[in-house]
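Participant: Could you have a look at this structure, given as structure tokens, before my questions?
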Amino acid sequence: MNTKHILKLLLLATLLIIFSTVPVTADEFPEDQSNPDMIYLRGLVSKVSTDDMQISVKPPTGKSVRISIDPDTILEGVDNFGGFEKEQQVKVWYKEENGLNRALKIIKMMELGC
Amino acid sequence: MSVTLGLFAIPAQAQTKFENTHSLEGLKEARVYFDVSVKDDDLLAVRMELIDRTVTQIEQAGLKVTGVIGIRGGASRFITTGDSYVLAEELDNKRKIQQWVKRFADWGLLVEQCAIAAEIFDIQTTDFLPEVTVVGNGYISLVGYQAKGYSVVPMD
Numbered sequence: 012m013n014t015k016h017i018l019k020l021l022l023l024a025t026l027l028i029i030f031s032t033v034p035v036t037a038d039e040f041p042e043d044q045s046n047p048d049m050i051y052l053r054g055l056v057s058k059v060s061t062d063d064m065q066i067s068v069k070p071p072t073g074k075s076v077r078i079s080i081d082p083d084t085i086l087e088g089v090d091n092f093g094g095f096e097k098e099q100q101v102k103v104w105y106k107e108e109n110g111l112n113r114a115l116k117i118i119k120m121m122e123l124g125c
Numbered sequence: 020m021s022v023t024l025g026l027f028a029i030p031a032q033a034q035t036k037f038e039n040t041h042s043l044e045g046l047k048e049a050r051v052y053f054d055v056s057v058k059d060d061d062l063l064a065v066r067m068e069l070i071d072r073t074v075t076q077i078e079q080a081g082l083k084v085t086g087v088i089g090i091r092g093g094a095s096r097f098i099t100t101g102d103s104y105v106l107a108e109e110l111d112n113k114r115k116i117q118q119w120v121k122r123f124a125d126w127g128l129l130v131e132q133c134a135i136a137a138e139i140f141d142i143q144t145t146d147f148l149p150e151v152t153v154v155g156n157g158y159i160s161l162v163g164y165q166a167k168g169y170s171v172v173p174m175d
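As you go down the protein sequences, you meet chains E and V in turn.
31 is the number that our numbering gives to position 20 of the first sequence; each next residue is one higher, with no gaps.
173 is the number that our numbering gives to position 154 of the second sequence; each next residue is one higher, with no gaps.
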């Protein structure tokens with residue numbers, strides 16, 4: 012194997028490493044559906060727990076789901092955890108990890124009058 | 020909840036002490052479109068009572084009432100069937116609002132729901148009360164009724 016081939020292999024390996032560690036982007040959250048990597052939930056905020064950094068989200072039917080928010084959670088419609096309030100409409104993509112539902116992304120829906 | 024409703028209750032003497040003779044004089048019919056978008060369940064329940072009182076008082080003044088109640092925005096959640104789309108603490112008021120809708124429909128008032136609002140709030144149109152008519156766009160409904168001479172009463 013000559014130097015050119017080694018360099019090409021190194022470049023390929025570098026690219027593979029880079030793309031395998033790219034964080035999940037906003038475009039990778041499928042609208043209105045779950046997939047093997049994440050669960051989608053839409054509903055009303057029924058509770059905000061500041062101490063736990065958790066919100067409970069109640070879907071149209073069924074029980075509320077408790078969602079944990081951390082610094083890696085992508086937030087849209089709110090600047091930070093303090094922006095969440097009861098009765099807000101939210102869309103949540105989360106992952107079940109270590110007994111918690113860790114939020115990957117949360118969109119707080121705009122309150123439109125129409 | 021009952022304490023909150025008590026704070027918002029409309030005093031009964033308000034409707035007997037004063038009249039609307041000057042504004043209604045010479046009229047035989049009142050066409051009214053109630054534009055309801057209030058999202059708070061306590062306030063929405065009070066708005067329903069106000070609609071009832073308003074229509075009743077106009078009829079008592081001798082006018083025929085042709086009325087439409089247009090629901091949009093956050094009010095949409097409360098005119099669905101069953102216990103869905105609301106939080107547990109909103110259920111009592113939702114049941115009261117459901118009864119109001121049935122009463123209004125029996126009375127001959129048309130209750131319309133904006134389909135755009137249903138989509139925004141992720142409400143299946145088949146989940147609205149059977150007394151409710153879903154329209155394509157609540158704003159267009161308002162425009163049409165106003166053009167036909169309906170008075171628009173905003174309730175936000």
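We treat Cβ as the ideally placed atom computed from N, Cα and C, and that holds for glycine.
Checking the sheet assignment: what are the DSSP bridge partners for V:A49?
Facilitator: Taking the first residue of the second sequence as 1, we reach residue 49 of chain V at position 30. Beta-bridge pairing links V:A49 to V:V84.
Participant: Could you tell me the distance, in whole angstroms, from the CA atom of E:V33 to the CA atom of E:E39?
Facilitator: Within the first sequence, residue 33 of chain E is the residue found at index 22, counting from 1. Within the first sequence, residue 39 of chain E is the residue found at index 28, counting from 1. Residue placement at E:V33 is poorly supported in this model, since its pLDDT is 48, which falls under 50; the coordinates are not used for a value here.
Participant: Specify, as a first and last residue, the run of the alpha helix (DSSP H) that V:I135 falls within.
Facilitator: Translated into the one-based positions of the second sequence, residue 135 of chain V becomes position 116. Under the DSSP assignment, V:I135 falls in the alpha helix (DSSP H) whose first and last residues are A134 to I139.
Participant: On a Cα-Cα basis, can you pick out the residue from E:D63, E:F92 and E:T84 that is closest to E:M49?
Facilitator: Taking the first sequence and counting its residues from 1, one reaches residue 49 of chain E at position 38. The shortest C-alpha separation from E:M49 is found at E:T84.
Participant: 8 Å is my cut-off, CB to CB: does V:A136 come that close to chain E?
Facilitator: Here residue 136 of chain V refers to the residue found at position 117 of the second sequence. Interface residue, yes.
Participant: Taking E:S75 as the reference, which of V:M174, V:Y104, V:L46 and V:G155 has the closest Cα?
Facilitator: In the first sequence, counting from the first residue as 1, residue 75 of chain E sits at position 64. Among V:M174, V:Y104, V:L46 and V:G155, the Cα nearest to that of E:S75 belongs to V:Y104.
Participant: By alpha-carbon positions, which one of E:C125, E:E122 and E:K116 ends up nearest to E:E42?
Facilitator: On the first sequence, residue 42 of chain E is found 31 positions in, with the first residue counted as 1. Taking only the C-alpha atoms, the option nearest E:E42 is E:K116.
Participant: Indicate whether V:V130 and V:E108 have their beta-carbon atoms separated by less than 8 Å.
Facilitator: For the purposes of this step, residue 130 of chain V is taken as the residue at position 111 of the second sequence. For the purposes of this step, residue 108 of chain V is taken as the residue at position 89 of the second sequence. It is not a contact, given that the beta carbons lie outside the stated cut-off.
Participant: Listed from N- to C-terminal order along the chain, which residues in the stretch 48–80 of chain E have their beta-carbon within a distance smaller than 8 Å of any beta-carbon of chain V?
Facilitator: Listed in sequence order: R53, L55, S57, K69, P71 and T72.
Participant: Quick one: Cα of V:K36 to Cα of V:V55, how far?
Facilitator: On the second sequence, position 17 is the one that residue 36 of chain V refers to. On the second sequence, position 36 is the one that residue 55 of chain V refers to. Computed Cα separation, rounded: 27 Å.
Participant: Verify whether the separation of the beta carbon atoms of V:I159 and V:Q132 is less than 8 Å.
Facilitator: Working through the second sequence from its first residue, we reach residue 159 of chain V at position 140. Working through the second sequence from its first residue, we reach residue 132 of chain V at position 113. It is not a contact, given that the beta carbons lie outside the stated cut-off.
Participant: I want to verify the contact list: residues of chain E whose CB lies under 8 Å from the CB of V:G157, in sequence order.
Facilitator: For the purposes of this step, residue 157 of chain V is taken as residue 138 along the second sequence, with counting starting at 1. By Cβ distance, chain E contributes C125.
Participant: Is V:S21 buried or exposed, if buried means 16 or more other CB atoms sit within 10 Å of its CB?
Facilitator: Taking the first residue of the second sequence as position 1, residue 21 of chain V is located at position 2. Bear in mind that the predicted position of V:S21 carries a pLDDT of just 34, short of 50, making it too unreliable to give a figure here.
Participant: Measure the alpha-carbon distance for E:D63 versus E:K106 and round it to whole angstroms.
Facilitator: Position 52 of the first sequence, counted from the start, is the residue given in the question as residue 63 of chain E. Position 95 of the first sequence, counted from the start, is the residue given in the question as residue 106 of chain E. Taking the straight line from one Cα to the other gives about 17 Å.
Participant: What residues in its chain sit with their C-beta under 6 Å from that of E:I66, if we drop five residues either side in the sequence?
Facilitator: Within the first sequence, residue 66 of chain E is the residue found at index 55, counting from 1. The residues are V56, V59, I78 and F95.
Participant: Once the 5 residues before and after V:T85 are set aside, which same chain residues still bring their CB inside 7 Å of it?
Facilitator: Numbered from its first residue, the second sequence carries residue 85 of chain V at position 66. Result list for V:T85: E48 and R50, in chain order.
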